[in-house]
Structure formats: structure tokens, C-alpha cells
Amino acid sequence: MNELVQFAPMVLDISAKTFAVLGAGIAIGLAALGCGLGMGIVAGHAVEAGARQPEILSKLQTLMIMAIVFIESVCIYALVVSLLLIFVVK
27 MNELVQFAPM
37 VLDISAKTFA
47 VLGAGIAIGL
57 AALGCGLGMG
67 IVAGHAVEAG
77 ARQPEILSKL
87 QTLMIMAIVF
97 IESVCIYALV
107 VSLLLIFVVK
């Protein structure tokens, strides 16, 4: 219990900017992880579908690129939120 009492003032002295930068880093990291996994799944299934039906490769490529663009937009939104956290929070 004594260690917790000594730790509390140190946590209370941390500025809001520190938490904003920490939150921005976590947001970008999780967004990149999710986008990377999503793109990998999309690409894997596209390759699998192309191997099954090679005649639809051109349609499949277009659909895959559109899906990857939508997945990447999530990462761009996380970047915008992170930049707002870093530069707006005082």
C-alpha cells in the first residue's frame, strides 16, 4: 500500500500532452495492426479465388484494390486523430 501512495503523486504530475502522445502512438499502432491484418486477409482470399477461377482475375483485382483502399482509409483516419492529439492538446 505504501508503494501505491508514493506512486500516486508521480502519476498526477504527468501532463495531458504526455497522455495525448501516448494515446496517439497506441492509436496508430493498433490501426496499423488492424489494417495490415485486413489487407493480408483480403489479398490471401483474392489469390485463393484467382487460383480457383483464373478467368475473373481482372474483376478480382479491381475489387481487391477497392477493398484495400477502404481498409487503408481506417489507418488514415487514425493518423488524422493521432495528429490532432499531438498538435491540439496543450
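For the sequence shown, the working numbering assigns the number 27 to the initial residue and increments by one for each residue that follows.
C-beta: ideal position from N, C-alpha, C; glycine also.
Keep in mind it's a predicted model, so treat the numbers as computed, not measured.
Opening and closing residue of the alpha helix (DSSP H) in which residue 43 lies: Run containing residue 43: 42-78, per the alpha helix (DSSP H) assignment.
Return yes when the Cβ of residue 108 is within less than 7 angstroms of the Cβ of residue 54, no when it is not. yes
Coil, strand or helix - residue 116 by DSSP: coil
Cα-Cα separation, residue 36 to residue 44: 13 angstroms
Using the Cα positions of residue 52 and residue 104, report the straight-line distance between them to the nearest angstrom. 10 angstroms
Here's the rule: buried if 16 or more other CB atoms are within 10 angstroms of the residue's CB, otherwise exposed. What is residue 50? buried
With distances taken Cα to Cα, identify the nearest neighbour of residue 90 among 65, 81, 47. 65
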